[in-house]
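What follows is a short report on a single structure.
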Amino acid sequence: MRPLDPGTSPDSVLYAYTKGSNGTAVPFYPISLGEFICDRHYHVDRISYDSFLLFYVKSGEGYAESQGRYYPLQAGDILLLDCYIPPTYGTNTAWVIQWLHFDCPM
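Quick note: the sequence shown uses our numbering, first residue -18, plus one each step.
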């Protein structure tokens, strides 16, 4: 699946996951994951997305904001965001990120 987010390259990939009937029996389950190749127009300002987001900065630089805290990000960084609390993230230059939205029944 190709992402539709502004600032993502057509070479970016997105995979969606639908949990089966045993999805609540496991401690964590994926919702979606992918690799985004982003330009300076990539910016996400979520109101709510009921999940947690783990992302790895493969190359470039970006930022994330949550609960009034600003996190500068660069190649090699890993960040975990609670998307139940509205996050903001993106880049002013370019970056490649690999990410995983996941949730849990807890």
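Positions of the beta carbon are idealized from the N, C-alpha and C atoms, including for glycine.
Going by the beta-carbon positions, is the gap between residue 81 and residue 14 smaller than 8 Å?
-> Here residue 81 refers to the residue found at position 100 of the sequence shown. Here residue 14 refers to the residue found at position 33 of the sequence shown. Going by C-beta atoms, residue 81 is nearer than 8 Å to residue 14.
Candidates -6, 86, 42 and 57, of which the one nearest residue 70 by Cα = One-based indexing of the sequence shown puts residue 70 at position 89. Cα-wise, what sits closest to residue 70 is 42.
Using only alpha-carbon positions, find the residue among 40, 53 and 33 that is nearest to residue 19.
-> Taking the sequence shown and counting its residues from 1, the one referred to as residue 19 is at position 38. Comparing alpha-carbon positions, the option among 40, 53 and 33 lying closest to residue 19 turns out to be 40.
Which whole-angstrom value describes the C-beta separation of residue 11 and residue 83, a residue pair presumed to lie in contact below a C-beta threshold of 8 Å?
-> As a first step, residue 11 is located in the sequence shown; it is residue number 30 there, counting from the start. As a first step, residue 83 is located in the sequence shown; it is residue number 102 there, counting from the start. With 8 Å as the limit, residue 11 and residue 83 qualify as a contact, their Cβ atoms being about 5 Å apart.
Quickly, what does DSSP pair residue 56 with across the bridge? List them, please.
-> As a working note, residue 56 is residue 75 in the sequence shown. For residue 56, which the question treats as bridged, DSSP gives no partner whatsoever.
Apply the 10 Å Cβ neighbour rule to residue 45 and answer buried if 16 or more other Cβ atoms are within range, or exposed otherwise.
-> Locating residue 45 in the sequence shown gives position 64, where the first residue counts as 1. That one is buried.
How would you call residue 86, buried or exposed, if buried means at least 16 neighbouring beta carbons within 10 angstroms?
-> Stepping through the sequence shown from its first residue, residue 86 is reached at position 105. By the neighbour-count rule (16 or more Cβ atoms within 10 Å), residue 86 is not buried but exposed.
Between 55, 23 and 35, which lies nearest to residue 73 when the distance is taken from Cα to Cα?
-> In the sequence shown, residue 73 corresponds to position 92, counting from 1. Closest option to residue 73, Cα to Cα, is 23.
Beta-carbon separation of residue 62 and residue 17 under 8 Å?
-> The residue you call residue 62 lines up with position 81 of the sequence shown. The residue you call residue 17 lines up with position 36 of the sequence shown. Not closer than 8 Å, so no.
Find the nearest neighbour of residue 50 within the set 64, 38, 37 and 68, judged by alpha-carbon distance.
-> By 1-based counting over the sequence shown, the position of residue 50 is 69. Comparing Cα-Cα distances from residue 50 to each of 64, 38, 37 and 68, the minimum goes to 68.
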